[in-house]
Amino acid sequence: GIQVEQSPPDLILQEGANSTLRCNFSDSVNNLQWFHQNPWGQLINLFYIPSGTKQNGRLSATTVATERYSLLYISSSQTTDSGVYFCAVELNAGGTSYGKLTFGQGTILTVHP
Amino acid sequence: NAGVMQNPRHLVRRRGQEARLRCSPMKGHSHVYWYRQLPEEGLKFMVYLQKENIIDESGMPKERFSAEFPKEGPSILRIQQVVRGDSAAYFCASSRSSGNTIYFGEGSWLTVV
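Chains A and B, in that order, are what the protein sequence lines are. FYI, the numbering for the first sequence is 6 to 118, going by this note's numbering. FYI, the numbering for the second sequence is 74 to 186, going by this note's numbering.
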């Protein structure tokens, strides 16, 4: 099956710092989403970004589908950004896409005040 | 995403009992997915359903687990004769149609004692 690798596995920042999280995937994809799982376990959808660039406030993401990677940028980090960031992809099997996501192992982000 | 409603949020069962987890998708969504998150791991796909139909259950254990999405009412994930290894967070997700953003509920945490 498709492989999804995220880096770094852990990241510790001071409040206000910027960071870049990376997601590499092994095959062509129909769907790529970034999620934030907060310390209470809630899974929040950040971006649906199978290709291109999107921005939402302090967060932005870029997916280069031809090179099989995606980047999540967090600027001016805050303590509330702490949690686990997951990248999830759906393999492009050449047929109908239906949302069978494969998750990476996540990046654990800790932002200190 | 608060639009996908799961209950209960926390469930404790003794070994051998049954666990039933419920999921109401976002309004207007007809595609439902169940994922499982074991401790310290990413989410793993279990099953994909549309109304009254199981489309893909390739991630579901062959025994003791079943899922349904009836014409009326929520989707149900049922685990019979639970064992300690079933302790996990079970996330439900929904989408409007294939190829669209998938939104996750807040999860149901099952603890088997």
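We put the beta carbon where it would ideally sit given N, CA and C, even for glycine.
Listed in chain order, which residues of the region 39-72 of chain A have Cβ atoms closer than 8 Å to some Cβ of chain B? F40, G46, Q47, L48, I49, N50, Y53
Taking the alpha carbon of G115 of chain B as the point to measure from, which residue in A:T112, A:L114, A:F108 has its own alpha carbon closest? A:F108
Can you tell which of B:R87, B:Y121, B:L84, B:K117 has its C-alpha closest to the C-alpha of P98 of chain B? B:Y121
Under 8 Å, do P13 of chain A and T112 of chain A count as touching if we go by C-beta distance? yes
How big is the Cα-Cα spacing for Q47 of chain A and E72 of chain A? 31 Å
To the nearest whole angstrom, what separates the beta carbons of S148 of chain B and V105 of chain B, a pair I think is in contact under 8 Å? 5 Å
Does Q110 of chain A have its Cβ less than 8 Å from a Cβ in chain B? yes
Which chain A residues sit within Cβ distance under 8 Å of G180 of chain B? G46, Q47, L48
In chain B, what lies closer than 7 Å to L106 of chain A by C-beta? F118, I175
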